[in-house]
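Read the structure below first, then the notes.
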Amino acid sequence: MFSFEGDFKTRPKVSLGGASKKEEKASLLHRTQEERKKREDERKRLKNAIIIQSYIRGYQDLKQQYAIQRSMFDECAGQSKAGGAQQVMDGAALCLLSRQLIFFYRQSIDAHRLIWLCQNLVKHNSRFVKLLVGPQKQTCMFQIKKILGFCCRLLENCTDESLNVAVPMRMLEIFSTEKTYLPVI
């Protein structure tokens, strides 16, 4: 119940901070307000630094994903050209290649990839259009729309004389005519 540890007197509390200084109320309030403002500014600075760092990390990750998807696209394109003769591509492979191209496409560096994909879509348009019947209908329509938009922009802004503009024009012709979609309607 009661405890006695050998001290019969309470020891005085000694402040190791030194003698206390007398400060007026106004200066004390001003000093605490300044300290509070400094802490708030530091919190804002740290929060902004975190936002900037996360934006930069996201941008770097996105660029890395662009490079990964480009290399996967190039690898798949290389496999389809096996031995110089183009391998027959099915609708799912064309859909995958279209999705990859839409993700990373930049006209300045990917125009030749777009032309290669357009050649295959023109060549195998019936296989690609058959996807409009299945569960990938919305995806396929979106991909057609985006690739046709890329073709229009390529034709509009083309400054490179070495690019084959006949393929994007043929792509626009085929995928904008009703005859292409009649077998699946």
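Numbering follows UniProt numbering, in which position 59 of the sequence shown is assigned residue number 59; successive positions increment by one, without gaps. Even glycine gets a Cβ: it sits at the ideal position worked out from N, Cα and C.
Using a Cβ-Cβ cut-off of 8 Å (strictly less than) and excluding sequence neighbours within five positions of V184, which residues of its own chain qualify? Working through the sequence shown from its first residue, we reach residue 184 at position 184. For V184, where only same-chain residues beyond five positions count, the Cβ hits under 8 Å are V129, K130, L132, V133.
On the DSSP letters alone, give me the boundaries of the alpha helix (DSSP H) that D160 sits inside. Within the sequence shown, residue 160 is the residue found at index 160, counting from 1. Bounds of any alpha helix (DSSP H) do not take in D160, whose DSSP letter is neither H nor E.
Touch check for the segment 161–168 and the segment 134–143: three-plus C-beta pairs under 8 Å? These segments do not touch.
Does the Cβ of A85 have 16 or more other Cβ atoms within 10 Å, making it buried, or fewer, making it exposed? Here residue 85 refers to the residue found at position 85 when the sequence shown is read from its first residue. Low confidence applies here, because A85 scores a pLDDT of 49, under 50, leaving its location unreliable and the question unanswered by this model.
Taking 7 Å as the cut-off, is the beta-carbon of T32 closer than that to any non-hydrogen atom of the ligand ATP? Among the components of this structure there are no ligands whatsoever, and the ligand ATP is therefore not found.
Can you tell me which of the three DSSP states N48 falls into? Position 48 of the sequence shown, counting from 1, holds the residue named residue 48. Helix, per DSSP.
Closest by C-alpha distance to A92, when choosing among N120, Y105, H112: By one-based count along the sequence shown, residue 92 stands at place 92. Among N120, Y105, H112, the Cα nearest to that of A92 belongs to N120.
Could you work out which residue in S54, A111, E24, S126 is closest to C95 when comparing CA atoms only? The residue given as residue 95 occupies position 95 in the sequence shown. Selected option, being the one with the closest Cα: S126.
Burial state of Q33, where buried means 16 or more other Cβ atoms lie within 10 Å: Within the sequence shown, residue 33 is the residue found at index 33, counting from 1. Burial is judged here by how many other beta carbons sit within 10 angstroms of a residue's own beta carbon; Q33 has fewer than 16 and is exposed.
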